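Single-structure report; data block below.
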Amino acid sequence: MKHKLILFIFVLNTLIGGGGYAFAQNFPVDCRVLLSPPYTGKFTDITNSPTKFRVQLLLKDLTKSSIDISLRI
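Numbering follows our numbering, in which position 37 of the sequence shown is assigned residue number 80; successive positions increment by one, without gaps.
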């Protein structure tokens, strides 16, 4: 009975309070890390090979021609 009450309150809150909509943050730079198999347990094996570890950066803000960024691992 308690679980049904909690579920009812959750559904009611979703319908009235927020409608169930959620939006992600929109950052001006999209970063994708690409790893090629075979995967090893050592990070140095991955970073020493230029074909195994790649980072793609995409500037999504069309009003800017460039932007300064820094990457940390």
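Think of the CB as a built atom: it goes at the ideal place given N, C-alpha and C, for glycine as much as any other residue.
Values in this document were obtained by computation on a predicted structure and should not be read as measured data.
Enclosing beta strand (DSSP E) for residue i [first to last residue]
i, result
"D73", "V72 to L78"
"L100", "F96 to L102"
Same chain, Cβ closer than 7 Å to residue i, five either side skipped, listed in chain order
i, result
"S79", "T94 and K95"
"I110", "P71, V72 and L102"
Rounded C-alpha distance that separates residue i from residue j
i, j, result
"I89", "S113", "20 Å"
"I49", "K85", "46 Å"
"F51", "K45", "10 Å"
"T106", "N69", "14 Å"
"L100", "N91", "20 Å"
"D104", "I116", "24 Å"
"Y82", "S108", "36 Å"
Start and end residues, alpha helix (DSSP H) containing residue i
i, result
"L106", "In the sequence under discussion, the amino acid at residue 106 is Thr, which differs from the Leu named in the question. Neither: T106 is in no alpha helix (DSSP H) and is coded neither H nor E."
Neighbourhood of residue i by C-beta distance below 8 Å, restricted to the same chain and skipping five residues each side
i, result
"V98", "C74, R75, V76, L77 and L114"
Coil, strand or helix - residue i by DSSP
i, result
"T83", "coil"
"L50", "helix"
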